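>
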Amino acid sequence: MEGFNVSIIIPLYNREKYISKAVESCINLPQIGEIIIIDDGSTDNSVNEAKKLATLYSKIKVLQHPDKKNHGCSAARNLGIKNAECSYIAFLDSDDQYLPNRFDNEERIFKQNPDIDGVYGITSTEFENQEADKAYQSKINYDIIKIREYIEPEKLYKSLLADDKGHFSTDAITLKKKVFEKAGYFPEYLKIFEDVSTWIRIAATAKLISNGINEPIAVRYVHNSNTILNSDDILLKSMDLMYETLFIWALDQKFTFDKTNDFYIFYQGSRLKNKKELKFFLKFIINNPKYIFNPFSWRKTLQLLKQKAK
85 MEGFNVSIII
95 PLYNREKYIS
105 KAVESCINLP
115 QIGEIIIIDD
125 GSTDNSVNEA
135 KKLATLYSKI
145 KVLQHPDKKN
155 HGCSAARNLG
165 IKNAECSYIA
175 FLDSDDQYLP
185 NRFDNEERIF
195 KQNPDIDGVY
205 GITSTEFENQ
215 EADKAYQSKI
225 NYDIIKIREY
235 IEPEKLYKSL
245 LADDKGHFST
255 DAITLKKKVF
265 EKAGYFPEYL
275 KIFEDVSTWI
285 RIAATAKLIS
295 NGINEPIAVR
305 YVHNSNTILN
315 SDDILLKSMD
325 LMYETLFIWA
335 LDQKFTFDKT
345 NDFYIFYQGS
355 RLKNKKELKF
365 FLKFIINNPK
375 YIFNPFSWRK
385 TLQLLKQKAK
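Residue numbering for the sequence shown follows this note's numbering, beginning at 85 and increasing consecutively.
Shown next as structure tokens:
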């Protein structure tokens, strides 16, 4: 197996206050082959800060979109992936930080298990101020981002769809670059949940496992402009679109009928706006998976999707 060298992808948009700390948290980690900062059309001094860092550290390169405009974090990450020179990819948001143990277990696991496609770990949370803390706690009632129990790789996509055993953050997963050839890149039509959608698709087409340690490998830094603090209406609309596009993607993959049904459950469930209805629907269907998944139901769904696409 070739050396374990990782390309770090950092999308950057108006984070001049944070980018230096993000870079400094990873620049000296021995497993890092390069750090790719993609300026996503920043309107503050972010790009100049990034270029200054690039003059200090030879491992850093700074990219911009051809038109130098803002295209969103998905487009920025995709640009970074396509320009990455290492066989392994990891991501770091420009306002977050890695911990010194970030890649220690990942390196060992990949070397001992050449069939593994990705390894995920735990992220802790820090808050810029009490206002950010309060806003975050009103939407998310946990400070540690992790998957709470062992999940077999072939069942991980289903657990991520349901979010029933937790999840991992973008800062805490390391992947072989080739996984994007099968699963696809970050969806640029999603402004929220683009990372969740990507991890579900990768989990459904690749082999991902936990790094096996019960301590954080990265820190998520929460401040007042984090996208997770968007209004509930924006979050719900984004989630609806995510489940719909995941179901369409699953159909294109030609999975087994049962596997595609797993995506169909959440596509149908996301259309229920009442939380009690949604909870009842998911519980009923999970316990009775064959009840509505029949050829007639599928034809009806596909007709609706085609009509919507016109």
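Each residue gets a CB set at the ideal place from its N, CA and C atoms; glycine is no exception.
Predicted, not measured: the structure shown is a model, and the values here were computed from it.
So, with DSSP's three-state summary, where would you put ARG186?
Here ARG186 sits in coil by DSSP.
> To the nearest angstrom, report how far apart PRO401 and LYS266 are at their CA atoms.
Residue 401 cannot be examined here, being either before or after the span of the chain that is shown, 85 to 394.
> For MET85 and SER171, what's the separation of their Cα atoms in angstroms?
Only weak support exists for where MET85 lies, its pLDDT of 38 falling under 50; the coordinates are left without a value.
> Leaving aside the five residues before and after ASP201 along the sequence, list all residues of the same chain whose C-beta is less than 7 Å from its C-beta, in chain order.
Closer than 7 Å at the Cβ level, and outside the excluded window around ASP201, lie LEU259, LYS260, VAL263, ALA290, LYS291 and LEU292.
> Taking only three categories from DSSP, how would you classify LEU147?
If DSSP states are grouped into helix, strand and coil, LEU147 belongs with the strands.
> Tell me, to the nearest whole angstrom, how far the beta carbon of SER229 is from that of SER294; I am working on the premise that it is less than 8 Å.
Rather than Ser, the amino acid found at residue 229 in this sequence is Ile. Rounded, the Cβ-Cβ distance is 13 Å, inconsistent with contact.
> To the nearest angstrom, how far is it from the Cα of GLU299 to the Cα of ARG186?
Each residue's Cα considered, the two are about 10 Å apart.
> Are there three or more Cβ pairs, one per stretch, closer than 8 Å when the segment 180 to 195 is compared with the segment 270 to 290?
Touching, no.
> Ordered along the chain, which non-local residues of its own chain (more than five positions away) have a Cβ less than 6 Å from that of ILE119?
Counting only Cβ-Cβ distances below 6 Å, and skipping sequence neighbours, we find ILE92, LYS143 and ILE144.
> Taking all protein chains shown into account, decide if ILE173 is buried (16 or more other Cβ within 10 angstroms of its Cβ) or exposed.
Result: buried.
> Jot down the residue ranges of each uninterrupted beta strand (DSSP E) in the segment 93 to 125, minimum 3 residues, whole runs only, in chain order.
Here the runs fully enclosed are 116 to 123.
> If I'm right that GLN115 touches GLU191 with Cβ under 8 Å, what's the distance once you round it to whole angstroms?
At roughly 6 Å, the Cβ-Cβ gap stays under 8 Å, so GLN115 and GLU191 are in contact.
> Taking LYS153 and GLY125 to be in contact with their CB atoms under 8 Å, please state how far apart those CB atoms are, rounded to whole angstroms.
Contact holds; Cβ gap of about 5 Å.
> If we count the other Cβ atoms within 10 Å of its Cβ and call it buried at 16 or more, is ILE103 buried or exposed?
The residue in question, ILE103, is buried, as its Cβ has 16 or more Cβ neighbours within 10 Å.
> Consult DSSP for GLU299 and reduce its assignment to one of helix, strand or coil.
Coil.
> For PHE254, does the count of other Cβ atoms within 10 angstroms reach 16, so buried, or fall short, so exposed?
Residue 254 is actually Thr in this sequence, not Phe. THR254 should be labelled buried.
> To the nearest angstrom, how far is it from the Cα of GLN148 to the Cα of ASP342?
Their Cα atoms are separated by approximately 42 Å.
> Give me the residue from LEU245, GLU212, ASP279 and GLY250 with the minimum Cα distance to LEU176.
Of LEU245, GLU212, ASP279 and GLY250, the residue nearest in Cα terms is ASP279.
> Taking the Cβ atom as the reference point for each residue, do VAL146 and ASP128 lie within a distance shorter than 8 Å?
No. Outside cutoff.
> Give the straight-line distance between the Cα atoms of PHE63 and SER243, rounded to the nearest whole angstrom.
For the chain, the structure presents residues 85 to 394; residue 63 sits outside this window and is missing.
> Output the distance between the C-alpha atoms of GLY164 and ILE111, rounded to the nearest integer angstrom.
Answer to the nearest angstrom: the Cα atoms are 17 Å apart.
> So what's SER91 in DSSP terms, helix, strand or just coil?
Strand.
> Taking the C-alpha atoms as reference points, what is the distance between VAL306 and ASN345?
The straight-line gap from Cα to Cα measures roughly 36 Å.
> Do ILE297 and GLY156 have their CB atoms nearer than 8 Å?
Cβ distance not < 8 Å, so ILE297 and GLY156 don't count as in contact.
> Hey, quick one: how far does the alpha helix (DSSP H) through PHE264 stretch, first residue to last?
It spans 263 to 267 - the alpha helix (DSSP H) in which PHE264 sits, taken as one unbroken run.
> Since LYS260 is in the beta strand (DSSP E), which residue starts that stretch and which ends it?
Note, LYS260: beta strand (DSSP E), 257 to 260.
> How is ILE173 classed by DSSP in three states: helix, strand or coil?
Three-state result, ILE173: strand.
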